[in-house]
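According to the numbering used here, the stretch in the sequence shown is residues 356 to 425, in order. Just so it is clear, CB atoms sit at the ideal spot from N, CA and C, and this is done for glycine as well. Since this is a predicted model, take the numbers as computed values, not measurements.
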Amino acid sequence: MYAMGVSFRLSLKEEIEPIVCSSCGKILHPREKGDEFYCPNCGQVLIRRCYYCRKQVVVYVCPKCGFEGP
356 MYAMGVSFRL
366 SLKEEIEPIV
376 CSSCGKILHP
386 REKGDEFYCP
396 NCGQVLIRRC
406 YYCRKQVVVY
416 VCPKCGFEGP
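Structure (structure tokens):
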């Protein structure tokens with residue numbers, strides 16, 4: 356690509372981590388009706404849950420403090 360006579364290259368090497376349900380491990384689609392919130396105990400880890408796990412009240416565990424929630 357050229358911009359004002361200067362040549363540069365675009366790099367698409369940046370890796371993207373998929374959004375994963377904290378309960379079942381399923382990869383979440385960006386448009387899926389899931390839920391995300393910080394751990395109610397430590398407040399440092401973002402917990403993400405898919406629609407199914409949220410509706411079925413499947414337990415999740417915070418990887419940092421070990422808190423278990425519905």
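Mark residue i as exposed unless 16 or more other C-beta atoms lie within 10 angstroms of its C-beta, in which case mark it buried.
i    : result
C310 : The structure shown does not extend to residue 310, since the chain is modelled only from 356 to 425, so the question has no answer here.
Where does residue i sit, in a helix, a strand or coil, going by DSSP?
i    : result
Q411 : coil
Compare the beta carbon distance of residue i and residue j with 8 Å and say whether it is the shorter of the two.
i    : j    : result
C408 : V400 : no
C405 : K381 : yes
C420 : R403 : no
Within its chain, find whatever has a CB closer than 7 Å to the CB of residue i; leave out the 5 residues flanking it on each side and keep chain order.
i    : result
K388 : Y406
C379 : C405, C408 and V413
Considering only residues of the same chain and omitting the five flanking positions on each side of residue i, which have a CB-CB separation below 6 Å?
i    : result
H384 : none
By Cβ distance below 8 Å, which residues in the same chain neighbour residue i in space, the five residues on each side in sequence not counted?
i    : result
E370 : none
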